[in-house]
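Reading through the structure tokens given below for one structure.
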Amino acid sequence: MHEERRRGDREKETERRQREGEETERRIQREGEETERRRGDREKERRQREGDREKERRQREGDREKERRQREGEETERRRQREGEETERRRGDREKETERRQREGEETERRRQREGEETERRRGDREKETERRRGDREKERR
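For the sequence shown, the residue numbers in numbering that gives the first Met the number 0 are 0 to 141.
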């Protein structure tokens, strides 16, 4: 009877150890799953942060590109404005030069006209003087 009790105690001890082993195995399993879950969460967070950083980088790059295009557009607009103003200034200069030449031409024409009239008047005066002298010589001969 004593032997049976000891055998029963050994069986209970074996069962207890088996239960403890199974519980330990389940605990180890749970802890391993928890560790894997946390590792997965950390990896997911890391990828999320990388994705966020990449998105921010692309956003900044896009903003810089947009600013660059805007600056270039403004510079192009200012250049076109300057070129337009320069073209207008040159056109005005050409018009003034044309008007100046036209005035000079008109003045030259009037001067030539006056000089021609003056030359004709002097020629007429010389002819009259010549005629007068010829008349005087004729009178003297008579």
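Backbone N, C-alpha and C define an ideal beta-carbon position, used for all residues, glycine too.
Please read these numbers as outputs of a predicted model, since none were measured by experiment.
According to DSSP, is residue i helix, strand or coil?
i	result
residue 198	The chain is shown from 0 up to 141; residue 198 falls before or after that span and cannot be answered.
residue 99	helix
residue 141	coil
Along the chain, which unbroken stretches of the beta strand (DSSP E) at least 3 residues long are found entirely within the segment 16-70?
-> none
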